[in-house]
Amino acid sequence: MSTSIHVSLGQVAAALVLVVVAAAISRWRRADLEQDIAIATVRSFVQLTAIGYAIKLIFEADTIWLVLALLSVMVVFGAITARGRAKRVPDAFWPLLIALAVAGGATLGLVVALGIFDPTPRYLVPVGGMVIGNAMTASAVALNRLGDEVADSRARIEATLSLGATAREAAAPIVRRALRSGTIALVDSTKTTGLIFFPGTMVGMLLAGADPTDAVRLQLILLYSLLGSVAIAALIATTLAYRNFFTPAQQLREPDADALG
Amino acid sequence: MLFEIRDVSFSRGGRRVLDAIEAGVPAGAAAIVGPSGSGKSTLLRLLNRLADPERGTISYRGSPLVDYDPLKLRREVALVPQLPALLEGTVRSNLSYAAELAGKELDADRCLALAGLDAGFGERDVGRLSVGEQQRTMLARALAQQPRVLLLDEPTASLDASARDAVEATLAQLRRELDISLVLVTHDPEQARRLGDWALRLEEGRAVAAGALEEALA
Chain A
1 MSTSIHVSLG QVAAALVLVV VAAAISRWRR ADLEQDIAIA TVRSFVQLTA
51 IGYAIKLIFE ADTIWLVLAL LSVMVVFGAI TARGRAKRVP DAFWPLLIAL
101 AVAGGATLGL VVALGIFDPT PRYLVPVGGM VIGNAMTASA VALNRLGDEV
151 ADSRARIEAT LSLGATAREA AAPIVRRALR SGTIALVDST KTTGLIFFPG
201 TMVGMLLAGA DPTDAVRLQL ILLYSLLGSV AIAALIATTL AYRNFFTPAQ
251 QLREPDADAL G
Chain B
1001 MLFEIRDVSF SRGGRRVLDA IEAGVPAGAA AIVGPSGSGK STLLRLLNRL
1051 ADPERGTISY RGSPLVDYDP LKLRREVALV PQLPALLEGT VRSNLSYAAE
1101 LAGKELDADR CLALAGLDAG FGERDVGRLS VGEQQRTMLA RALAQQPRVL
1151 LLDEPTASLD ASARDAVEAT LAQLRRELDI SLVLVTHDPE QARRLGDWAL
1201 RLEEGRAVAA GALEEALA
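Here the protein sequences line up with chains A and B, keeping their order. Counting in my numbering, the first sequence runs from 1 upward without gaps. Counting in my numbering, the second sequence runs from 1001 upward without gaps.
So this is what it looks like as structure tokens:
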């Protein structure tokens, strides 16, 4: 897997033509997305360039501590971003932070322990980034659904509590649905991978000149690792977050006025 | 005394829903009467400890509610909410869930009969029941826990006159056949007269009268 290609800034600039096409479509059909497209283009350039230099430094330093620092920053920003999509869940930050940290740690720990990857920055940084990114999306979707479900099912939850069920028992059906909705997108895309779309890692490796068999095998490893990590993240996020809807006396809290939107 | 309500206030969303309520609710059949928005349902939720008052105390059989394990309390003091909210599945699965939580042997046919439903009803999917049937199933489910007190929130609010008469007959029968106290929330003073022997009248979150039925509703 020691392939490499050189991409010039000119080639990147040429790809901007497609961005212009996107902006033109938005303007023509009055989708009002031109400003967002511009922001997205600039942000992606700045962020990816910055992270590219950061990764280069980390690779050159070749120390595990810098890797851990980078992944920790990703976990914190991931939790902050996911919290923005789980507005109806009280105090969603801590469940998300723990979910991302455990999902990232457990997945990376396992792939290293099983001898799939060496514990070096060259593997841990990109794999960790993918794992944390996917775990963030999954737990954000799960908590978003959890918040909506609690808001829609207050009567049923209270009726179940009034039978003397614990908060855990009363919330079980909605926690189950939230966990499912957080995980299902990746399960579905894993089912159709290779048929309807080529996943990013495989595309990147093929472009970089790798043997297709190697590209496919690495992609499979990543897909399987991601399945595990999103399930862990969605499980931990929902299991910790549902408790925030209840008091210690097994009462459903009144909805936060801010969270009602 | 079944419930002692002392200086109880409760607010929701910045609005005072209950204001310094004082009442001693006796065992038997008590009615909480008042117009819509007077705080009746909120008071019933406090009796079931689905929420706690922000001020004041409520005691049940001489001990403050907060001293009870909320789960045990709710199995003994069962709330039947105004809007049916059954769990997915059959009528019987709802009944067994409730009985299991309370650690009671389920006699589904008897619970259904007490709630005015045929034994064959047990296998029906709750998603296919009318609102009236759902309300009766909610009542049967509460009875499956063999509670000592039933808190009923507008049990006939969404029913027509004949269904209402049937539910009222069921409640009267329950009192005759079981050693059970009822606390009934209703906006209809006539229903309170038909079913209760004690009443608390609420208006805009305040207790305006409490005592023997005719006295409180006069």
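Ideal Cβ placement from N, Cα and C applies to all residues, glycine included.
Cβ-based burial, residue i [other Cβ within 10 Å; buried from 16]
i                       : result
residue 235 of chain A  : buried
residue 153 of chain A  : buried
residue 162 of chain A  : buried
residue 142 of chain A  : buried
residue 260 of chain A  : Summary for residue 260 of chain A: the model assigns pLDDT 44, below 50, so the residue's position carries little reliability; its value from the coordinates is reported in the next sentence. With fewer than 16 other Cβ atoms within 10 Å, it is exposed.
residue 1 of chain A    : Residue confidence is low: residue 1 of chain A scores 44 on pLDDT, short of 50, so the model does not pin down where it sits. Its coordinate-derived value is still stated next. Exposed, since its Cβ has fewer than 16 Cβ neighbours within 10 Å.
residue 232 of chain A  : buried
residue 1176 of chain B : exposed
residue 258 of chain A  : In this predicted model, residue 258 of chain A has a pLDDT of only 48, less than 50, meaning its place in the structure is not dependable; the value taken from the coordinates is given anyway. Flag for residue 258 of chain A reads exposed.
residue 1202 of chain B : buried
residue 1208 of chain B : exposed
residue 252 of chain A  : buried
residue 86 of chain A   : buried
residue 1186 of chain B : buried
residue 1153 of chain B : buried
residue 1121 of chain B : buried
residue 1161 of chain B : exposed
Opening and closing residue of the beta strand (DSSP E) in which residue i lies
i                       : result
residue 243 of chain A  : It is not in any beta strand (DSSP E) - residue 243 of chain A carries neither H nor E in the DSSP assignment.
residue 1153 of chain B : 1149 to 1153
residue 1127 of chain B : Residue 1127 of chain B -> no beta strand (DSSP E), and no H or E assigned at all.
residue 1058 of chain B : 1055 to 1060
Cross-strand partners of residue i (DSSP beta bridge)
i                       : result
residue 1198 of chain B : B:1030 and B:1212
residue 1203 of chain B : B:1206
residue 1024 of chain B : B:1004
residue 197 of chain A  : A:193
residue 252 of chain A  : A:246
residue 1018 of chain B : B:1010
residue 1077 of chain B : B:1149
residue 1063 of chain B : B:1060
N- and C-terminal bounds of the alpha helix (DSSP H) containing residue i
i                       : result
residue 1097 of chain B : 1091 to 1102
residue 188 of chain A  : 167 to 192
residue 153 of chain A  : Here residue 153 of chain A belongs to no alpha helix (DSSP H), and DSSP marks it neither H nor E.
residue 7 of chain A    : No alpha helix (DSSP H) holds residue 7 of chain A; DSSP gives it neither H nor E.
residue 1087 of chain B : Where residue 1087 of chain B is concerned, there is no enclosing alpha helix (DSSP H), given that its DSSP letter is neither H nor E.
residue 1041 of chain B : 1040 to 1047
residue 1114 of chain B : 1108 to 1114
Selected residue, minimal CA-CA separation from residue i, among the options
i                       : options                           : result
residue 57 of chain A   : A:205, A:141, A:125 and A:166     : A:125
residue 198 of chain A  : A:183, A:46 and A:215             : A:215
residue 1002 of chain B : B:1026, B:1012, B:1109 and B:1015 : B:1026
residue 1189 of chain B : B:1107, B:1031, B:1015 and B:1021 : B:1031
residue 1205 of chain B : B:1040, B:1124, B:1111 and B:1133 : B:1040
residue 157 of chain A  : B:1076, B:1022 and B:1086         : B:1086
residue 230 of chain A  : A:136, A:254, A:253 and A:208     : A:136
residue 1052 of chain B : B:1179, B:1143, B:1038 and B:1067 : B:1067
residue 1163 of chain B : B:1182, B:1135, B:1187 and B:1148 : B:1135
residue 228 of chain A  : A:94, A:182, A:209 and A:82       : A:182
residue 1140 of chain B : B:1058, B:1200 and B:1096         : B:1096
residue 132 of chain A  : A:102, A:149 and A:114            : A:102
residue 1144 of chain B : B:1075, B:1125 and B:1185         : B:1075
residue 1149 of chain B : B:1183, B:1126 and B:1017         : B:1183
residue 1166 of chain B : B:1198, B:1132, B:1036 and B:1043 : B:1132
residue 1023 of chain B : B:1014, B:1047, B:1036 and B:1012 : B:1047
Residue i: CB within 7 Å of a non-hydrogen atom of the ligand ATP
i                       : result
residue 1210 of chain B : Summarising the ligand content, the structure contains no ligands, and the ligand ATP is consequently not present.
Those runs of the alpha helix (DSSP H) which lie wholly inside the region 56 to 125 of chain A and span at least 4 residues: 64 to 84 and 93 to 113
Whole alpha helix (DSSP H) elements within the region 1151 to 1191 of chain B, 4-residue minimum: 1161 to 1177
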